[in-house]
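Protein sequences appear in the order of chains A and B. Residues 5 to 214, numbered by the working numbering, are exactly what the first sequence covers, in order. Residues 5 to 214, numbered by the working numbering, are exactly what the second sequence covers, in order. Everything below concerns the one structure shown next.
Protein chains: 2
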Amino acid sequence: MRIAELSRRSGVPTPTLKFYLREGLLPAGRRTAPNQADYDERHLRRVRLVRALVEVGRLGLGDVRRVVQAVEDEAVPIGRAIGIAHWALDAQRAALPGDEETDAALAEVDALLRRRRWQVSPASPARRVLADALVALARLGRPASQASLKPYADAADRLAQMEVELTRHEGSRAEAVEFAISGTVLYEAALVALRKLAHEHYSRARFPAD
Amino acid sequence: MRIAELSRRSGVPTPTLKFYLREGLLPAGRRTAPNQADYDERHLRRVRLVRALVEVGRLGLGDVRRVVQAVEDEAVPIGRAIGIAHWALDAQRAALPGDEETDAALAEVDALLRRRRWQVSPASPARRVLADALVALARLGRPASQASLKPYADAADRLAQMEVELTRHEGSRAEAVEFAISGTVLYEAALVALRKLAHEHYSRARFPAD
Numbered sequence: 005m006r007i008a009e010l011s012r013r014s015g016v017p018t019p020t021l022k023f024y025l026r027e028g029l030l031p032a033g034r035r036t037a038p039n040q041a042d043y044d045e046r047h048l049r050r051v052r053l054v055r056a057l058v059e060v061g062r063l064g065l066g067d068v069r070r071v072v073q074a075v076e077d078e079a080v081p082i083g084r085a086i087g088i089a090h091w092a093l094d095a096q097r098a099a100l101p102g103d104e105e106t107d108a109a110l111a112e113v114d115a116l117l118r119r120r121r122w123q124v125s126p127a128s129p130a131r132r133v134l135a136d137a138l139v140a141l142a143r144l145g146r147p148a149s150q151a152s153l154k155p156y157a158d159a160a161d162r163l164a165q166m167e168v169e170l171t172r173h174e175g176s177r178a179e180a181v182e183f184a185i186s187g188t189v190l191y192e193a194a195l196v197a198l199r200k201l202a203h204e205h206y207s208r209a210r211f212p213a214d
Numbered sequence: 005m006r007i008a009e010l011s012r013r014s015g016v017p018t019p020t021l022k023f024y025l026r027e028g029l030l031p032a033g034r035r036t037a038p039n040q041a042d043y044d045e046r047h048l049r050r051v052r053l054v055r056a057l058v059e060v061g062r063l064g065l066g067d068v069r070r071v072v073q074a075v076e077d078e079a080v081p082i083g084r085a086i087g088i089a090h091w092a093l094d095a096q097r098a099a100l101p102g103d104e105e106t107d108a109a110l111a112e113v114d115a116l117l118r119r120r121r122w123q124v125s126p127a128s129p130a131r132r133v134l135a136d137a138l139v140a141l142a143r144l145g146r147p148a149s150q151a152s153l154k155p156y157a158d159a160a161d162r163l164a165q166m167e168v169e170l171t172r173h174e175g176s177r178a179e180a181v182e183f184a185i186s187g188t189v190l191y192e193a194a195l196v197a198l199r200k201l202a203h204e205h206y207s208r209a210r211f212p213a214d
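In structure tokens form, the structure reads like this:
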């Protein structure tokens, strides 16, 4: 299909698609004339993924680029590619320098991982994101404990186990990685929105508004 | 305390504190000399909240300002202030124009709210955030159903009910609102990080990396 058709089917304006092409978020089409290229279903899928990451996942351009590079790199096995794409979501934040408070919080995170018997790389960016949340809670005078984190870890365990079981493995390597990453980002958005809706419901009963 | 002491205790550099003051994220101190002001524990608490919202919650300046305004406005009752502060977290996104796909997704969200008997305002921004996630999933060829959303709604229900019960109500009105909003943002960050850690664990077993 021509770029106009890709725009129509994806709902993304042509100038935005050209921006995605320039920025390497979308692979080039098959050149059919000096000034014309042909796009296929693979491009359409990629545009929808990028749009979901930007609009729903609120990812910055650098994060989207890292995710897309992980999807593209055919050299790495599928399991590793899913891992790299997941890591790319938080890579920027995890690279910030830590301090003593951060180190203490990372030790708490590791204690939780051990207790759960979750096998996670020490380089996983989510480990640092969790530690940052623990540091902020402690600074606000409400330190989290292993007990206060348990309901969150229980929920995360149940959901992640189910999601990994549901990950579609047939189709191309790129499709499987795209499926995993879009599920992570979009169901994360759904989960946090549902938590806020449930909050509103229970808060109304506890704190009548007027 | 002087601004240098506020900086030392909060870990936020003085120029950043002056920026918070200029931008209305931090209330002015008590003027003690033409070029000097005095700050108290209330200011320290506020600096820590703003820092948590920016660094862990990744909120933009406009969102933080809306949250802080909701905390400040003494005219509204506490329950309503908590609601306004929560809404402010997603206000910008919910103001985007919708289309037919969005309307259909909002109808699905409302069906879920009815089935759950969650009392939520139709103007709640989280309603729109959830609808946007459903639209993106449908576009990627993996529409969510009431059944596929159930585990997320179950987890959200359990966590929100527990969190609202734990909301501290003694202390000042501003403290209670700050407590509620920092809990929402920081435990959200903890929850999504835990989900990614659990994902990494279960993915390793399902997709051996090398």
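Note that beta-carbon positions come from the ideal geometry of N, C-alpha and C, so glycine has one too.
query: For M166 of chain A, would you say it is in contact with chain B, using Cβ-to-Cβ distances shorter than 8 Å as the test?; result: yes
query: With DSSP run on the structure shown, which of helix, strand or coil describes D107 of chain B?; result: helix
query: Is the CB-CB distance between Y156 of chain B and Y191 of chain A below 8 Å?; result: yes
query: Taking all protein chains shown into account, decide if K154 of chain A is buried (16 or more other Cβ within 10 angstroms of its Cβ) or exposed.; result: exposed
query: Mind checking the segment 112 to 140 of chain B against chain A and listing, in chain order, the residues whose C-beta falls within less than 9 Å of any C-beta there?; result: V113, L116, L117, R120, R121, W122, Q123, V124, S125, S128, P129, A130, R131, R132, V133, L134, A135, D136, A137, L138, V139, A140
query: State yes or no: is the C-beta of E9 of chain A nearer than 7 Å to some heavy atom of the ligand NAD?; result: The ligand NAD is absent from the structure shown, which contains no ligands of any kind.
query: Return the bridge partner residues of Q123 of chain A from the DSSP annotation.; result: According to DSSP, Q123 of chain A bridges with nothing at all.
query: Tell me which same chain residues have a C-beta within less than 6 Å of the C-beta of D214 of chain B, skipping the five on either side of it?; result: For D214 of chain B, the predicted model reports a pLDDT of 48, less than 50, meaning its position is unreliable; a value from the coordinates is still stated below. Cβ within range, chain order: n/a, list empty.
query: Output the distance between the C-alpha atoms of L201 of chain A and R35 of chain A, rounded to the nearest integer angstrom.; result: 48 Å
query: List the residues of chain B that S207 of chain A touches, going by C-beta distances under 9 Å, in chain order.; result: G83, I86, G87, H90, A164, V168, T171, A184
query: For the beta strand (DSSP E) holding D42 of chain A, just list the boundary residues, first then last.; result: 40 to 42
query: T18 of chain A by DSSP, collapsed to three states: which one?; result: helix
query: Looking at the structure shown, is A37 of chain B part of a helix, part of a strand, or coil, going by DSSP?; result: strand
query: Should T188 of chain A be labelled buried (16 or more other beta-carbon atoms within 10 Å of its own) or exposed?; result: buried
query: Could you check whether F211 of chain B and I82 of chain A sit closer than 8 Å to each other, using their CB atoms as the reference points?; result: yes
query: Helix, strand or coil for D67 of chain A, going by three-state DSSP, please let me know.; result: helix
query: Please state whether DSSP places R6 of chain B in a helix, a strand or coil.; result: coil
query: Find the residues of chain A that neighbour P155 of chain B, judging by a C-beta separation of less than 8 Å, and give them in chain order.; result: R162, L163, M166
query: Compare the Cα-Cα distances from S207 of chain A to each of B:V68, B:Q96, B:I88, B:A37 and report the closest residue.; result: B:I88
query: Only counting the same chain, and skipping five residues up and downstream in sequence, which positions put a Cβ closer than 7 Å to that of A178 of chain B?; result: V75
query: Q123 of chain B and H205 of chain A look like a contact to me (Cβ under 8 Å); what is the Cβ gap, rounded to whole Å?; result: 5 Å
query: Hey, would you say G28 of chain B sits closer than 8 Å to R69 of chain B, going by beta carbons?; result: yes
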